Every structure is written in structure tokens, then in C-alpha cells.
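Each remark here refers to the structure printed beneath this line.
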Ligand code: SF4
Ligand code: SF4
Ligand code: SF4
Ligand code: SF4
Ligand code: SF4
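Protein chains in written order, with my numbering: chain A, 212 to 636; chain B, 122 to 454; chain C, 535 to 736.
What follows is the structure, given as C-alpha cells:
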């Protein structure tokens, strides 16, 4: 009640004052009889060139990790590198800006006409992807502070069934889609807002986010890298790149002897096993099923788009203007007390009338119809692709890391008994 | 360095535990919010806005809409009311209908009308004289760049012009010659100096011909002779009802028909009446409740029927306050 | 790793794809390639107080400043004094600022300079609010760029009810009440000396 009063007093006094204040601005200070002169304002410049240095350090870290993955083949080295990344990119540089978040800046540059992306941000976005295109997800191995943090706590990982893994990993596509929607409609940077660890690195954030970060670390002890596998939107892009990578980590340095020793080493379900004999089915059956899914995919995409379109209303609530307009409308019809929140209180005092606000919100809703359809279509496409992928029974003879989902973490190195062929090493 | 993956013996239990942890994660995400600024970080002056929540003898009678761009100055002559806005003066009759309109050039700050009907329009650093028939008269432009004229009063001999920018009041004669600068600090003459921290500096001449000038920084009034000698002064710096608050108040003054001072303030907008010579507080006319969102008002005036007119910047209208019918029982505080 | 150093046609395609991809990303990013930082527009701020509580840093990277050429150098500075304080003195109980960050310095008779000590200010906007209501509105909030860690999404920006935050090029990272930096510097024109007998004539 007290708080309410304070807010009322605040609202009534300040809001209009802010508007009528402009007229007073040009009023000169008093004439001083003494020799007093007005002090200049001290305006410390932002630390420049930091960004460029960060990019350089990122490049070096990526190079070292690549070397560890391919040449040194050292799990210990990658582990130490993870510690460095958490310490440097996480705690020292407080996590911003990271390649994961830079996805949104780049999308903003793509979608919004008046937004640009600085060279530093762009290089943060592009560098890990390029490395991924050539060497697989070395960025995830031990450079990404988010991944490294989870890699370090994953001390008692349990296996998750591949089917569950597949279902849950849809999460990251949804997150990527929502993040894109958020950027395109101007709702904000969801990935940054819900970044689980940035609060821990800065030792300050809302309590909820700190707790969420703690909880996901706790989860990460048993379910290794939950954020990476089920949420990370940048991981989607890295995975796509990695799928076509020129080189990729191999479990055995030379021909696999199918000793099955590495089978249990990967907590990420990223090792493709040799196809068991009884699963090797008649290729005609497989082809038929594949054909079926290929023909069904436009339907799946269309259904996705339609569902996404129909979801525009709840989706649009991620835009603050829409929520604000809904709140004000609810207040106006008496569902909520008038000036029930600081936001509505302030909004009512601003120059913008509530009608303008409502029509702005309506326009944003319209955008969410289109955006929702795109989002749904995108998810439909992913589902279709996954189904098509599923219906192709791999014909593998050796244990191979799955290029898209393998984080190149090197956990499997120590398991493989095959020695490197001396001629190569 | 060999890390191993465990096969769970109880996949369902593990699944439930994981689901619970994941649920907690989303719960914390969803409810995550920052601590809101507490009461000790909020500027709370409710206790002072409540001071004037009292019953007064006054009520709002009318609100006059104006067809003017940023109306800023008012002047009353007989039962005619003149309002100056950008490029025009609107003349309203006793029923508040516009009967005439005079044109000039500029964005005025203040307006005065002399007994013979000559009008003086004050811009930030210029005064334009309009003859009684509305035709353009002379223009006085001998003001400094940093001048900011905020108030004019015209008697049959003199024109007093308040310059908030230069912190001084000028006495001009009708020919536009500057005669005296009033209110500049002068220790020999015990003139304390007008302190003007913000662009509000008002003056008024009462029926006895006394020139009263607000000293806003000192939160009171000073009476001067036309030659610049100070006669008397009173200051009331307090947030209590009988005084003036903030850095600089009152912002506007005028006199009612019985010679009492009417003031208005900025910050907490209050209309009050004072006995002018000693500065004794008489009554509150209207308080913060009536002007909840105004930071200040543009001008005040008293019309022929002793009603108080307030030029409200929020609504760009003139609000008219009069005595309640049943106000014979004095409820003066 | 037998093909470590071999470059084949698919590599060229990959490289071309990568370059094209980088180039396209660069092209769409427009010509605003300056790095950007967050800043708040003091003319939009409504002093809600969230700048103190919603910054990821503690104390906040938002601090209060006094733009001197607007300041009235008031004796009764309500940005400085607790409303209702009887005495105008520097006793902590009479100060409005919860951290006593505002320093009052005597300049000359009835004029005082108010400077905010950046170390102690927590950016609560209490004084900004008071100065706006009762004074000249010369206090204002600003993100101090030497403190701010420039979050990709400023968490105050998201919470600010008056939408006062925006991104600015790193070369011009501050916003002022009156416009550009130059407009904060204007010194008053010198007062002409008056003839002593000016007051006595007539
Ligand atoms: S999946 Fe995402 S969060 Fe995990 S390591 Fe890779 S980029 Fe970082
Ligand atoms: S390197 Fe790849 S295959 Fe090996 S354990 Fe890690 S994720 Fe699994
Ligand atoms: S959050 Fe916005 S309105 Fe609130 S104090 Fe900060 S800038 Fe001002
Ligand atoms: S009142 Fe608040 S904003 Fe003003 S100086 Fe003190 S801590 Fe800073
Ligand atoms: S960008 Fe981050 S550090 Fe800077 S003001 Fe915003 S929340 Fe605080």
C-alpha cells in the first residue's frame, strides 16, 4: 500500500514535469561576481579497442583448440582450455559479447533496416562458424564460455535415450526461431535476456536468473551440457556448418577396430554406432519410407506455418509494447486497477496517447502473424528434415562421431586403444 | 583423464529428477525479476502534497478553451480578458467569447495592458507595443542575448519589465527608454539582489501604485520604489502551507480586487492569498489536488468579478476559480 | 589425417561459400560499422529508480550528473536537501541523497555549486526527480562508459518504463540535457560594470 502511494506520488509529479521541463533548459546560470567559471563535465570515453582485442583472443583460442583437437589430441589440454575460456571470456570479460549472443545482432542487421553490425560483433559471429566449416565444432569444444562452464561441471553424466535426445533437441530450433522472431519484431534479445550464466560471471543479476544459472549447472552435473544440447541457438548454426566440415575429430587416430570401448564415453549421444546386422533392412522399404516423408514434408511445413500463424497472439506478448497495451486496455475496462504497474503509470504520462499505443501494438501483432508463420514453417521444415534423416538407416561399419552434434570435447580420446600410425604422427 | 558415462539403473527416476530440475529452471526463468527500487530510493513528497488536501472556500467554476498556440500571458482590463499566444492576442468578453484578435510577431512570455488600453507584449528579449486599437506600435529591443523577459506591468507613466535572464527589473518610460534597473545587488543601498535560479520572475503593481517584485531565490517578495530603492521585503522559505518551497517561488503574483496578493508556485502548484505588506498568509485557494500534473502554471490573473484565472500549461486553457456560494463561513486556515 | 595438407576442389567451394557468407553478412550489416554502446536519453527519463536496481552491476553503471550551465546554483537546492529539513546545512540527515553523494560548495553569497561524487552515487534518480520538480532540472542520469560493461542487451533498457535507452556509436557515447557536448559548456556573458550613480538618478 505504501509502495502504491509512493508510485502514485511519483507518477503524478514527475511524468508531466519531464515533458514541460524542456522549456527551462536554456535558462542561463547566475552571473557570478567572483571569478567562478562553470566546470566542464567529465566524460570518460568508453574503453576502445577492447573489442578488437577480444576478437584476436577468440581467434587464438580457436586456433589452439583446433590444434588440441587434431594434433595434440589431448582431452586434458581441452579441459584446461575450458578453464581458461570460463575465466577469460566468462568471468573477466563478463560474457559480453559472445558469439552466441552475436547471432541476434547479425539477425538484427539482416531484418531491421536501420540497424548495423560492427566489425567486432560480426567477427565474433563468423569466426566460430568458419572454424566449424573446416574443423567441426571446435568452438564448442572449449572456447565458448557457456559450453566450457557446462563441460567443467559434467562430472557424473548419465546417458539419455537417443529418442528423448532427439525430442529435446528440438528445443534449440524453437529457441533459435523465437530469438529470430524477437529480433525481427523488435521484442528484444531473448538469448541475452535468458542467458543462464552471464549473471554468475558478473556476480549480479536478478535473483531468478542467478538461480536459473545455478539450477542449470546442477542439472549439467548429470545431464551433460543441457543448454548446448537442448537450447543453444548458435549451436544449431554451428551444427549445420560442422555437418559439412572439411575435417572432423576422429575417435581413433587410425582405422577403428570396432572394439566398442568408446561406446560409453560420450555423454552427448554423439557417437554413431556401427549399424547392427539385424537392422540392415531391405533398401526398398527404406526408400519407400523416405519417399513418403519427402512428399509429406510440404504438408508438415504448411501445418507448422498455420499453427505458427494462429499462435500470433500469445507470441506477440513477448513484445513489451503489446503487453503494455494489453495492460492498459485491461485497466481501462476495469480488469486491473488503474496504474497497476510502473509501466502503465509511466505510459499514461507520456506524450503518446493510449490510442496511439494500441494502434502501435496492433501493428506489432500483425508482424507477429507473419513472423509466427515463418517460425512455424521453419520448425515444420526441421521436423520434416529430421524425419527424413531418421528414415535413412545409416550404414556404418565403424564408430564415428556425429559431425553435427559432436562438440569435439575429446572425452572419447582416452578410450580408444588404437595407436596412431607412426608414419602420420 | 578418463571420464565415463553412467547407465542409469532407474531411468524413470532419473527422468523425473531431471524433469524436476528442468522445471525449476524454467520456473526461475519465468519469474526472474529484479528487485524494484525500494521506498528509500524513491523521492516521496506525498506528505507535502497532502498538506493542501484541505477544504477551501474556493471552487473551480469554469474552464475556458483557447484558440491560441502556446498561450503564455494574460492581462485583464475591465471585463475584457486578453491572452497572448504565438503571434496573436485573443480578446475575450465577460462571457469568455472571443471578440477580437490582434496580431504581432513572435512567441510571447508575458502581456500587460495599460489603463489606456495600450498593450505590451514581452518576448524573451524584445517588447512589442500594440496600440489600443491593436495596431503595431514601437518595438523595444535593447535587451541582451541572455535576457529572458518574464513579466511586464504598465502604469500610466512607467513600464516595469522583469528580466529573469539578467536577474533584474527594468523601468522603462512609455517612449521605450530604459530609466532604471531595479533589484541588482547593491550593498550600499541594502538591495539584496534578485536571485533567479529558474526562468520565473514576476512583478506586479497594486492599486496603490506599489511595485512588488518576487525574489524567487529567497522565496519571498520585495517592494521597490520606481527609482530602485527597496522599501520592504518578506521571505517565507518552508514547505509548510504558509510559505514557499523549492529553489524559487512564488512564480506568479497578482493582486485581487481588495488589494491582497495572489500567488502561485511551481513544484507543488498552490494558489494562495497573502496580505501583501507584511506577508501574512491568508488562505489557500487551490492546491496540488487541483493541479496534480502541472509543474507550474503559465500565468495568473484576477478578473473584474474577483475570480482567479489560471493559465494551465497542461490543458492550454484558462481555469477559473471563484468563491463557493456558501463560503461566507470563513474557513481560513 | 592423411589428407591434412591436401586441397581439393571441394575446399575451394567451401572457402568460396565461407567468404560469400561472411561477405553477405558484412553487406547486410549496413554502413554503421562503428561499435555501439548503450546510453540513456535524460530528456526521456522519468526517474523511476530502476537504473539503480536493474543494472547487472552493483552499484549501477548509471550515475547522476549536474549539467552546470542549467543549474541555478540554488541555496535551497531540493536535489540536495531532504524536503522539510529545517536547516540548510550539510548534516547527513538533511541530505536527500541516500548515499550522501552530492557535494555542496560555497561559491559566493547565496550561490552554491553541487557536484556529484561518482564513487558514491548509485544512480537512484532521487535528486534528479527533486531537481526536476522543484529546481531547474539540471541533474540528470547517464551511463558512465568507463563503468558500463556494455551488455549486448542492457538489462535496464529492457526495464526502463519510459524507453529512454538507445545504442549510440562508441565515438559519441553520451547524451546531455541540452543536446551536444558543446551546449553544456556555455559560460554566461560577463556582466557589464554599472555606474555607481545609476541607482540614484531620478
Ligand atoms: S552449443 Fe552453444 S552454448 Fe554450447 S558450446 Fe556450442 S555455442 Fe556454446
Ligand atoms: S569427441 Fe565427440 S564422439 Fe568423442 S566423446 Fe566427445 S562428443 Fe563424443
Ligand atoms: S529506468 Fe529509465 S525512467 Fe527509470 S531512472 Fe532509468 S532512465 Fe529513468
Ligand atoms: S540521489 Fe541518487 S542519483 Fe542523486 S546523487 Fe544520490 S545516489 Fe546519485
Ligand atoms: S549495459 Fe549492462 S552494465 Fe551498462 S548500464 Fe546496462 S545493464 Fe548496466
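The C-beta atom is built at its ideal place from N, Cα and C for all residues, glycine as well. Note that the coordinates shown come from a computational prediction; the quantities given were computed from them, not determined experimentally.
CB contact below 9 Å: residue i versus chain A
| i | result |
| --- | --- |
| residue 139 of chain B | yes |
| residue 393 of chain B | no |
| residue 436 of chain B | no |
| residue 153 of chain B | yes |
| residue 317 of chain B | yes |
| residue 125 of chain B | yes |
| residue 132 of chain B | yes |
| residue 551 of chain C | yes |
| residue 628 of chain C | no |
Proximity test, Cβ basis, 9 Å: residue i and chain B
| i | result |
| --- | --- |
| residue 232 of chain A | Confidence is the limiting factor: at residue 232 of chain A the pLDDT is only 40, short of 50, which leaves the residue's position unreliable and the question unanswerable from this model. |
| residue 693 of chain C | yes |
| residue 593 of chain C | no |
| residue 445 of chain A | no |
| residue 419 of chain A | yes |
| residue 408 of chain A | no |
| residue 574 of chain C | no |
| residue 274 of chain A | no |
| residue 373 of chain A | no |
Residue-chain proximity (residue i, chain C), Cβ-Cβ < 9 Å
| i | result |
| --- | --- |
| residue 530 of chain A | no |
| residue 236 of chain A | Residue placement at residue 236 of chain A is poorly supported in this model, since its pLDDT is 44, which falls under 50; the coordinates still yield a value, given next. With 9 Å as the cut-off, residue 236 of chain A counts as an interface residue toward chain C. |
| residue 341 of chain B | no |
| residue 270 of chain A | no |
| residue 617 of chain A | no |
| residue 564 of chain A | no |
| residue 558 of chain A | yes |
| residue 550 of chain A | no |
| residue 309 of chain A | yes |
| residue 410 of chain B | no |
| residue 166 of chain B | yes |
| residue 244 of chain A | yes |
| residue 471 of chain A | no |
| residue 327 of chain A | yes |
Bridge partners - residue i, DSSP secondary structure assignment
| i | result |
| --- | --- |
| residue 703 of chain C | C:570 |
| residue 676 of chain C | C:597 |
| residue 605 of chain C | Note: residue 605 of chain C sits in no beta bridge, so no partner. |
| residue 376 of chain B | B:382 |
| residue 353 of chain B | B:344 |
| residue 232 of chain B | B:242 |
| residue 432 of chain B | B:420 and B:439 |
Check: residue i C-beta below 8 Å from any heavy atom of ligand 6
| i | result |
| --- | --- |
| residue 577 of chain C | Of the ligands this structure carries, namely ligand 1, ligand 2, ligand 3, ligand 4 and ligand 5, none is ligand 6. |
Integer-rounded CB distance, given that residue j should sit under 8 Å from residue i
| i | j | result |
| --- | --- | --- |
| residue 335 of chain B | residue 323 of chain B | 5 Å |
| residue 394 of chain A | residue 442 of chain A | Not confirmed; about 17 Å, so no contact. |
| residue 312 of chain A | residue 408 of chain A | Not quite, the Cβ-Cβ distance comes to about 12 Å (not below 8 Å), so this is no contact. |
| residue 429 of chain B | residue 412 of chain B | Residue 429 of chain B to residue 412 of chain B, Cβ: 13 Å. No contact. |
| residue 177 of chain B | residue 405 of chain B | 5 Å |
| residue 626 of chain A | residue 130 of chain B | Residue 626 of chain A to residue 130 of chain B, Cβ: 22 Å. No contact. |
| residue 252 of chain B | residue 262 of chain B | With a Cβ gap of about 18 Å, residue 252 of chain B and residue 262 of chain B do not count as contacting. |
| residue 368 of chain B | residue 583 of chain C | At roughly 22 Å, the Cβ-Cβ gap does not stay under 8 Å, so residue 368 of chain B and residue 583 of chain C are not in contact. |
Worksheet item: Any contact of the segment 328-341 of chain A with the segment 589-599 of chain A, i.e. 3+ C-beta pairs under 8 Å?
Response: no
Worksheet item: Does the pairing of the segment 223-236 of chain B with the segment 198-207 of chain B give three or more beta-carbon distances under 8 Å?
Response: yes
Worksheet item: What residue ranges within the segment 123-202 of chain B form continuous beta strand (DSSP E) runs of no fewer than 3 residues, ordered along the chain?
Response: 179-186 and 194-198
Fill in: Three CB pairs or more closer than 8 Å across the segment 184-197 of chain B and the segment 600-618 of chain C
no
Worksheet item: What residues in the segment 218-246 of chain B bring their beta carbon closer than 7 Å to a beta carbon of chain F?
Response: Chain labels in this structure do not include chain F; the protein chains are A, B and C.
Worksheet item: At a cut of 8 Å, does the segment 582-594 of chain A reach the segment 518-527 of chain A through at least three beta carbon pairs?
Response: Contact between the segment 582-594 of chain A and the segment 518-527 of chain A is present, because at least three Cβ pairs lie under 8 Å.
Fill in: Continuous alpha helix (DSSP H) assignments of at least 4 residues falling wholly in the segment 437-510 of chain A
437-441 and 444-454
Practice prompt. Starting from the N-terminal side, write out each stretch of the alpha helix (DSSP H) that is 4 residues or longer and does not extend beyond the segment 371-417 of chain A.
Written response: For the segment 371-417 of chain A, whole alpha helix (DSSP H) runs of length 4 or above, ordered along the chain, are 373-379, 381-395, 401-404 and 409-413.
Worksheet item: Are there three or more Cβ pairs, one per stretch, closer than 8 Å when the segment 701-708 of chain C is compared with the segment 571-586 of chain C?
Response: Touching, per the Cβ criterion.
Practice prompt. May I ask you to verify whether the segment 301-315 of chain B touches the segment 266-274 of chain B, counting CB pairs closer than 8 Å and requiring at least 3?
Written response: no
Worksheet item: Where are the alpha helix (DSSP H) runs, 4 residues long or more, that stay fully inside the segment 317-365 of chain A, in chain order?
Response: 330-346, 349-353 and 356-364
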